[in-house]
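Worksheet for the structure shown next.
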Amino acid sequence: MKLVYFAWVRERIGIAEEDVSPPAGVATVRDLLEWLKTRGEEYAEALKYPDAIRVAINQEHVRHDERIAGAREIGLFPPMTGG
Amino acid sequence: MKLVYFAWVRERIGIAEEDVSPPAGVATVRDLLEWLKTRGEEYAEALKYPDAIRVAINQEHVRHDERIAGAREIGLFPPMTGG
Amino acid sequence: MSCRVTVRIQSEPFDTADEITAISGGDNDVGAVVTFSGLCRDEAGTLHALEIEHYPGMAEAEIGRIADAAAKRWPVTALTVVHRHGKIGIGEQIVLVVAASRHRQAAFSAAEFLMDFLKSRAPFWKKEHRCDGTEGGWVDAKEADDAALSRWDRGKQG
Amino acid sequence: MSCRVTVRIQSEPFDTADEITAISGGDNDVGAVVTFSGLCRDEAGTLHALEIEHYPGMAEAEIGRIADAAAKRWPVTALTVVHRHGKIGIGEQIVLVVAASRHRQAAFSAAEFLMDFLKSRAPFWKKEHRCDGTEGGWVDAKEADDAALSRWDRGKQG
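As structure tokens, this is what we get:
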């Protein structure tokens, strides 16, 4: 699945997008965030406060308990400040 | 004092403004409307339903129990439909 | 907080973009501009035009009083009201309200408040000219417009 | 009731008057047009510009969903949202919402609803560029904006 990062999440992780294949036990958005934190310093720093991270699956907002099975694209970003 | 009429009040009375000197007993807006109704058919018709008439003294809205002493200009008109 | 209030009553059409520029240009503390434009509808094809009569002098004064009340109630930096009189064709603008403020809520509230009070308190009257050449008579005031005023009653809301 | 929804995300400035004309021109049943313009403030002279990042694809889709929700809730005839991205100078427009309807209440409510949801749900992020040449960092989301959403909760209000 493709992960896309925005704003300070993108800056801290250091890349704008990547393709990942999480292991079988990673079922929900929350699981995904925890797994990403194990992938390196920059991930651990960017995702230090998981509750501050907003998530979209296939470009629609989801909660952290949403299941990620079947997701083509998952976006991770800070709370939005549009308008 | 000067009376000014607008919209269908003006059309029914047949003039846009006039100077009048009401007799001493005419103290309030309500008294004025009743007195005007005695001045002819067209006044009686225009002011048939006094509650439908809005009144301004010196270009400020007033209620029908307002006293008219000292008024330079009194406007009589239907409910407003601006905007 | 001081608020620039501009009120104009005119027969000529006006340009909304110019009014927005005038109200926000040069003031770098304006973050929100809300406009309301009231247009002449054709009433399902039956209406040809509206003729708007007003009370010269009082119209400007009353709108000024309404704008002052709005400026006291919300932190707006500028308010503009332009109201036309005379003959107005279908699709033409009748009235424009522009409210500028730092944050959006004040501009929205002030613009809505101004429109609600304009409808029922500003001395303007509309007469219909119908497509079949007859006079449609004077437009009646709407009870809904009177009802709209009551929600601004301080006792009921903020 | 069908509602024309137009959503554009662009880096170029836009013209408010053109958008008003586009939304109301040719439809003689439109009696009310409400616009909201969000401008870049200078934050007491400290800010030089804003840089706006967005999530391409999702930004359009999410704003479309918000507009559809507004169109279901109020009898609006057309809704337009234009949101810029990239570098925005002081005093420039960031976002424009235009709502058209027969009567004023629907246009006001739909425009306010759109702005409240845009602020907290549309995937845009603002970064500050300060006058002293430093980066001011990412603008934090405001609790007030989250709170603004709750008033549209159907259970609480009509």
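Protein chains in written order, with numbering that gives the first Met the number 0: chain A, 0 to 82; chain B, 0 to 82; chain C, 0 to 157; chain D, 0 to 157.
We treat Cβ as the ideally placed atom computed from N, Cα and C, and that holds for glycine.
Against chain D, the beta carbon of M79(A) has neighbours under 7 Å at S119, R120, A121, P122, F123, W124, A140, listed in chain order.
Between the segment 83-93 of chain D and the segment 25-39 of chain D, the count of C-beta pairs closer than 8 Å reaches three or more; the two stretches touch. The C-beta of I22(D) comes no closer than 8 Å to any C-beta of chain C. Distance check between L148(C) and each of L95(C), T76(C), I51(C), M114(C) places M114(C) closest, using alpha-carbon atoms only.
For H82(D), the neighbours in chain A by C-beta distance under 9 Å run, in chain order, G81, G82. Close partners of F112(D) in chain C (Cβ separation under 9 Å) are lacking, with about 11 Å as the shortest Cβ gap.
In the DSSP assignment, I22(C) falls within the alpha helix (DSSP H) that extends over 15-23. Residues of the segment 46-59 of chain A whose Cβ lies closer than 7 Å to any Cβ of chain D, in chain order: A55, Q58.
Boundaries of the beta strand (DSSP E) around Y4(B): 1-4. At least 8 Å separates the CB of G13(A) from every CB of chain D.
At a cut-off of 8 Å between C-beta atoms, A6(A) counts as an interface residue with respect to chain D. Excluding residues up to 5 positions away in sequence, V3, A55 lie with their Cβ nearer than 6 Å to the Cβ of G74(B) in the same chain.
For G88(C), the closest Cβ of chain D is not nearer than 8 Å. Secondary structure in the segment 24-94 of chain C: the alpha helix (DSSP H) runs of 4 residues or longer, each lying completely within the stretch, are 57-72 in chain order. DSSP places D30(B) inside the alpha helix (DSSP H), whose first and last residues are 28-36. With three or more CB-CB distances shorter than 8 Å, the segment 11-22 of chain A counts as touching the segment 41-52 of chain A. DSSP places V8(A) in the helix class (H, G or I) of the three-state scheme. Spatial neighbours of C2(C) in its own chain (CB-CB distance under 7 Å, excluding positions within 5 residues in sequence) are listed in chain order as A70, V75, T76, A77, L78. C-alpha of E50(D) to C-alpha of K126(D): approximately 5 Å in a straight line.
Contact between the segment 53-73 of chain D and the segment 55-65 of chain A is present, with at least three C-beta pairs closer than 8 Å.
Taking a beta-carbon distance threshold of 8 Å, V4(C) does not count as an interface residue toward chain D.
Chain-order list of chain C residues neighbouring V29(D): L38, R40, G90, by C-beta distance under 9 Å. Within the segment 32-74 of chain A, the runs of alpha helix (DSSP H) at least 4 residues long that lie entirely inside it are, in chain order, 40-45.
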